[in-house]
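Those letters in the sequence shown? Residues 6 to 636, by this note's numbering.
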Amino acid sequence: MYQLKFTTLIVGLNPLLPGEDSFLLTVPGFGSFVDKTVLPFVNTIPSKLQHPCPSRLEKCQPPFSFRHVLPLTDNASAFEYKVEQQSVSGNLDSPEGGFDAILQAALCQEQIGWRNVSRLLVFTSDDIFHTAGDGKLGGIFMPSDGHCHLDANGFYSRSRDFDYPSVGQVAHVLSAANIQPIFAVTSPALPVYKELSKLIPKSAVGELSEDSSNVVQLIMDAYNRLSSTVTLEHSPPPPGIHISYESQCGSSEIREGKDDQGQCSQVQINQTVSFWVNIHATSCLPTPHLLKLRVLGFSEEVSVELHTLCDCNCSDVQLQAPHCSHGQGDLQCGVCSCAPGRVGRLCECSEAELSSPDLEAGCRAPNGTGPLCSGKGQCWCGRCSCNGQSSGDLCECDNASCERHEGILCAGFGQCRCGVCHCDANHTGQACECSKETSRCESPRGLCSGHGSCRCNQCQCLEGYYGATCDQCPGCKTACERHRDCAECGAFKTGPLASNCSLACAHANVTVGPMSVPDDGWCKERSVDNQLLFFVVESEAEGKVVLRVKSRERGADHTQAIVLGCTGGIVAVGLLLVLAYRLTVEIYDRREYNRFEKERKQLNWNQKDNPLYRSAVTTTINPRFQNENLQ
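Encoded structure:
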C-alpha cells in the first residue's frame with residue numbers, strides 16, 4: 006500500500022482551491038488497497054500475513070484487497086483522524102490490486118455515499134496494476150461479476166473468488182457511475198497510467214512526487230483539466246441510425262466533432278458552449294427508440310425518442326389544411342407548418358394569446374395557485390411543454406427519479422415514468438435489474454443442475470456447490486467419470502458393471518456408432534485392459550441420461566517399445582558421457598605433454614665450476630722423480 010501524506014491534502018486544499026473547496030473539501034472519503042491475499046501476490050505464511058513488512062520494527066497491518074475506511078463526509082476532522090490512523094502493508098509482486106479497489110468504490114454507491122453531483126475518484130499508487138487474467142496465477146478463474154461485495158467492516162469480501170477486472174470493465178463502470186478518476190502516480194508508473202487514461206473517458210493523470218508534497222497541486226491541475234473539457238456523448242443507437250456532432254465552443258466558429266461525441270476544450274467559467282446533434286436514419290425503425298444524451302461528469306441527461314416516418318410521402322403538401330385548425334397552416338408529412346403568428350401542434354394558438362389567463366389556466370393545477378407547468382416547463386397555447394425529463398399534462402412527473410442499477414436508470418432495460426420503472430418484457434425489479442431469462446442457468450441436468458435456484462438469469466447455488474450452473478463441488482465427479490462404466494458395459498458388455506449392467510445402468514440409454522464430434526466434446530477414458538473409450542453425454546434430465554459411444558478402438562501396446570527405448574537411451578547417454586570424459590582427458594594430457602616438451606627444448610645448460618669449490622684430491626709431483634726420468 007502506497008503511503009501518501011493525506012494531511013498535506015487536508016491542510017492545503019483550503020488556501021489552494023478557493024471557490025472549489027465546497028466541491029472537494031466538504032465531501033472527502035477514504036479507502037485503501039493492497040492486493041489479493043493469495044499466493045503469489047502476498048506471502049501466505051501466517052506470521053507474514055500478520056506482519057508483511059520486512060522490518061519488525063515498522064508498524065504494519067495485515068494485507069487485504071480493498072478496504073472502505075470512511076464514507077464521503079463533510080467532517081474534515083473525521084477524515085484527517087481516519088487517515089492518520091492508517092498504516093502501511095505489503096505484498097510480494099510489484100503490481101497492485103488497484104482495479105479491485107476502483108471497481109468496488111464505483112459499484113458500492115450506498116456504502117461510499119456518492120452524491121448525485123459531479124464525482125471525483127483520486128487514485129494514488131507507486132506501481133502498475135493487475136488486470137483480468139492475472140488472478141489465474143493464484144488459482145482464481147471466475148471473472149469479476151461487476152457487483153458490490155463490501156462486508157460490514159468495509160472489506161472486499163470476495164477478492165479470493167473473483168479475478169481482477171479488465172480495463173474495459175473499469176472504464177464501463179466508471180462511465181456508468183459518472184465518476185471521473187484522477188490517477189496520481191509516481192514517475193516509474195506514469196507511462197502506464199497515461200496509456201490507461203486514454204481508454205477511460207473523462208480521466209486525468211498527474212505525476213506524484215516521492216514525498217507526496219505536490220498532491221494538492223496535482224489534484225487541482227487535474228480537476229481544472231477535467232472541468233474545462235465538456236464532452237457530450239450518446240447511448241448506443243439502433244442499426245440504421247447515424248449520429249454526428251457540431252460544436253460551438255465560445256466562438257462564432259462551428260466545427261464538426263467526432264461521430265461518437267462532441268467536445269469543447271479549455272472552457273472558461275460562465276462560458277456558453279453549444280452542440281448540434283444531427284441524427285440521420287438510413288432505414289426504418291420497427292419500434293420507437295429512446296436515445297440518451299449526456300455530458301460526461303454530470304448526472305443530467307436528455308432523452309430523445311426516435312421515430313422514423315416511413316409511410317408518408319413527404320412531397321405531398323396540403324396548403325391551408327383543415328387539419329391545421331381550419332387552414333391556419335400547411336400539412337406537410339403529417340405535421341402542421343403554421344402560418345406566421347400561429348403556434349401549436351395544430352396551429353391552434355395565436356402568439357398574441359400566449360399569456361392570456363384563460364390559456365394559462367390549462368397549465369396549472371386545479372387549485373390555480375401553483376406555478377405554470379409545475380415549474381418544470383413552459384405553457385404554450387394552454388398546454389405544457391415540459392423541460393428535461395419531466396412529463397405529464399402539468400409536467401408533474403419526474404422521469405429521472407427512478408431506481409438505478411450500477412448507476413444506470415432502470416438498468417437500461419426500462420423507461421422511467423413518474424418515478425417508477427416500467428420494465429421491458431424480459432426484465433423485472435424496482436430498477437429492472439433482474440432478467441426473466443434462464444438461458445445462463447440451463448445445464449444438461451436442468452436449471453442450475455438441480456443444486457440452486459435461478460434468479461435474474463444467474464444461479465444462486467446451494468452451499469457446497471459452485472460454478473455458473475452449480476455443477477461443480479469439491480470432490481464431485483465429472484459427467485464423464487459418472488457415466489464411464491455405464492457407457493462401457495452398455496456398449497461393449499465389459500467393465501466393472503458388465504455382470505449387472507441392465508440393473509445398474511437402467512437409467513442410461515446407450516447407442517454405439519460412428520460420430521462426428523469436436524475433439525473437446527468427447528469423454529475420453531481408458532479401461533483397465535488398455536482399451537480407449539470415446540463417448541458423449543447428450544443429456545441428463547429427470548434421472549435419465551443419453552450416451553452415444555463411438556465404436557471401440559484398441560489402443561496399441563507400446564510398453565515394450567517404451568522400455569527398450571528408455572533403456573537404450575540411458576545406455577547411449579552413458580556411453581556418450583564416458584566418451585566425452587575420455588576425450589576431454591586425452592586432449593588435456595596431450596596439451597600438457599606438448600607444453601613440457603616445448604619448455605625442455607628451450608633450456609640451454611652450461612658447465613661451470615663453483616669458485617668456492619675445493620677438490621678433495623691433491624696431486625704432488627716428486628722433483629727427484631722427474632729428474633731421474635729426464636736422465
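Ideal Cβ positions, reconstructed from N, Cα and C, are used throughout, including at glycine.
Where residue i falls: helix, strand or coil (DSSP)
i: Asp335; result: strand
i: Val515; result: strand
i: Ser444; result: helix
i: Asn283; result: strand
i: Phe167; result: strand
i: Val572; result: Per the sequence presented here, residue 572 reads as Thr, with Val not at that position. It is helical.
i: Glu597; result: helix
i: Val554; result: strand
i: Phe104; result: helix
i: Phe28; result: At Phe28 the pLDDT is 45, less than 50, meaning the model places this residue with poor confidence and gives no usable figure here.
i: Ser70; result: coil
i: Thr236; result: strand
i: Ser691; result: The chain is shown from 6 up to 636; residue 691 falls before or after that span and cannot be answered.
i: Val622; result: coil
i: Asn627; result: coil
i: Ala509; result: helix
i: Gly579; result: helix
i: Thr589; result: helix
i: Gly495; result: helix
i: Asp403; result: strand
i: Ser99; result: coil
When the options are compared against residue i, the one with the closest alpha-carbon
i: His73; options: Val39, Leu608, Pro242, Asp98; result: Val39
i: Ala513; options: Gly495, Glu200, Ile187, Lys41; result: Gly495
i: Gln266; options: Gln273, Ile284, Ile274; result: Ile284
i: Phe303; options: Arg595, Ser123, Gln607, Gly95; result: Ser123
i: Val300; options: Leu54, Ser620, Ile184, Gln116; result: Ile184
i: Gln109; options: Phe35, Lys53, Asp79; result: Phe35
i: Ile145; options: Glu353, Lys41, Val348; result: Lys41
i: Val517; options: Val551, Leu508, Ala484; result: Val551
i: Arg553; options: Pro519, Val576, Thr564, Thr572; result: Pro519
i: Met225; options: Glu215, Val235, Leu237, Val210; result: Val210
i: Phe69; options: Asp156, Ser82, Glu89; result: Asp156
i: Val322; options: Leu452, Glu306, Cys343, Thr313; result: Cys343
i: Pro33; options: Ser60, Asn48, Leu125; result: Leu125
i: Leu351; options: Gln174, Gly339, Cys461; result: Gly339
i: Arg230; options: Ser164, Lys529, Gln271, Ser252; result: Gln271
i: Val235; options: Val220, Glu215, Val278, Glu251; result: Val278
i: Val307; options: Leu296, Gly95, Leu314; result: Leu296
For residue j and residue i, the rounded distance between their alpha carbons
i: Thr624; j: Glu591; result: 58 Å
i: Ala111; j: Cys506; result: 58 Å
i: Phe46; j: Thr499; result: 49 Å
i: Thr292; j: Pro242; result: 13 Å
i: Asp105; j: Val43; result: 14 Å
i: Met147; j: Asn158; result: 24 Å
i: Lys87; j: Cys65; result: 16 Å
i: Gly380; j: Tyr228; result: 33 Å
i: Cys378; j: Asp398; result: 8 Å
i: Ser288; j: Asn462; result: 33 Å
i: Gly472; j: Leu62; result: 44 Å
i: Ala509; j: Leu502; result: 7 Å
i: Glu438; j: Ser208; result: 28 Å
Residue burial classification, residue i (beta-carbon count within 10 angstroms, cutoff 16)
i: Arg587; result: exposed
i: Pro100; result: buried
i: His432; result: buried
i: His152; result: exposed
i: Tyr470; result: buried
i: Ser52; result: exposed
i: Ser440; result: buried
i: Leu204; result: exposed
i: Tyr198; result: buried
i: Asp490; result: buried
i: Tyr593; result: exposed
i: Arg619; result: exposed
i: Pro628; result: exposed
i: Met341; result: The sequence given here has Cys at residue 341, not Met. Burial call: buried.
query = Is the number of C-beta pairs between the segment 449–461 and the segment 472–489 that are closer than 8 Å three or more?
reply = yes
Three or more C-beta pairs under 8 Å: does that hold for the segment 119–139 against the segment 185–202?
yes
Taking contact to mean at least 3 C-beta pairs separated by less than 8 Å, is the segment 422–432 in contact with the segment 444–451? no
Between the segment 166–175 and the segment 137–148, do at least 3 Cβ pairs fall closer than 8 Å? yes
Examine the Cβ distances between the segment 324–333 and the segment 342–353 and report whether three or more of them are shorter than 8 Å.
yes
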